[in-house]
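There are 2 protein chains.
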Amino acid sequence: MYATDFRMTHQRRLILEELKKVKTHPTADEIYVIVRKTMPRISLGTVYRNLEILSAMGLIIKIEGFGNQRRFDGNTNKHYHIRCIKCGKIDDLPEDAITNIEVDHNKIKGYSIYNHEIQLSGICEQCHNAK
Amino acid sequence: MYATDFRMTHQRRLILEELKKVKTHPTADEIYVIVRKTMPRISLGTVYRNLEILSAMGLIIKIEGFGNQRRFDGNTNKHYHIRCIKCGKIDDLPEDAITNIEVDHNKIKGYSIYNHEIQLSGICEQCHNAK
DNA sequence: TTATTATTAGTAAAAGTTATCATTACTAAT
DNA sequence: ATTAGTAATGATAACTTTTACTAATAATAA
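Protein sequences, first through last, are from chains A and B. If you read the first sequence in the working numbering, its first letter stands for residue 1, the second for the next number, and so on. If you read the second sequence in the working numbering, its first letter stands for residue 1, the second for the next number, and so on.
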């Protein structure tokens, strides 16, 4: 038999490692810029493909809730995000910022529930001061 | 002085009314198909522009959290959504499905908070039966 | 009415993502 | 080691979704 598993290629590992390093929540093209410093001939398609695969593997998180550009997060611990509606920056929320949330699965008829996301939006300190 | 306000054009009113009629959460191009039945010469750009304006006016809701296509909701009462990860369908959650959520604004330093969204994902009844 | 200007239709362009395909490189069995 | 099989890559084209542009039109206040 031959492997049907994912292969950990140099490109895939680099993308994963760079994403784990940063505390921001970069887009695919921002990651493309970062990894090209180490691997100048990597293609944008490879970045997109691997970000999808890595998130399917559960090694990174895909953030789709803000704006129309996908973002990625190397931190796979369960946490929520807040985005500044002025500058678009995304920050992590502290773990204890949202508490007591209760989801009554019986109230949601027909669905088996897999996940929930919470996204806050507001204005960050910099943008508040800038105005 | 002349008006700096929004004008309620036929196009804008039609888009609003059709969106209020449906219980689904259509994309811009789905709304385009609907309104062309009444107003065949309306342009897709007009649909996009008015959906933005109507949501800025607070008359409709823009849903950005699911997938990479924007959706719109004529129901402006505060409510949450669930999406089927198989077929992509979006349903409203009953009001009492999520309770007790507490957001501690003091824990989120620097931000003034404007809004929060919650998005569940799961598998709907039809897709569950289909498998 | 008339003057002003927001809005429109039509179209082009931009932005973001996915698909295609010949080539490369990883993996497992010989 | 060598080979066979196949997942992954780089390069690029194509596609989808959204935004921008512009001359013409239409809504509104005076």
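Positions of the beta carbon are idealized from the N, C-alpha and C atoms, including for glycine.
Membership of Glu17 (chain A) in the alpha helix (DSSP H) is indicated by the continuous run His10 to Lys21.
Under the Cβ distance rule, Cys87 (chain A) does not count among the residues neighbouring chain B, no pair being separated by less than 8 Å. The three-state reading of DSSP puts Asp104 (chain B) in coil, since its state is none of H, G, I, E or B.
Under a 10 Å Cβ-count criterion, Pro94 (chain A) is classified as exposed, with fewer than 16 other Cβ atoms of the shown protein chains found around its own Cβ. Secondary structure of Asp29 (chain B) (DSSP, three-state): helix. DSSP places Arg49 (chain A) outside any beta strand (DSSP E); the residue lies instead in the alpha helix (DSSP H), whose first and last residues are Leu44 to Ala56. Straight-line measurement puts the Cα of Glu17 (chain A) at about 12 Å from the Cα of Thr38 (chain A). Nearest CB-CB separation between Pro26 (chain A) and chain B: not below the 8 Å threshold. Contact with chain B is found for Ala97 (chain A), since one of that chain's Cβ atoms lies less than 8 Å from the residue's Cβ. When A:Lys107, A:His81, A:Arg12 and A:Ser121 are compared, the shortest CA-CA separation from Gly45 (chain A) is found for A:Arg12. In the structure shown, Arg83 (chain A) falls within a strand segment according to DSSP collapsed to helix, strand and coil.
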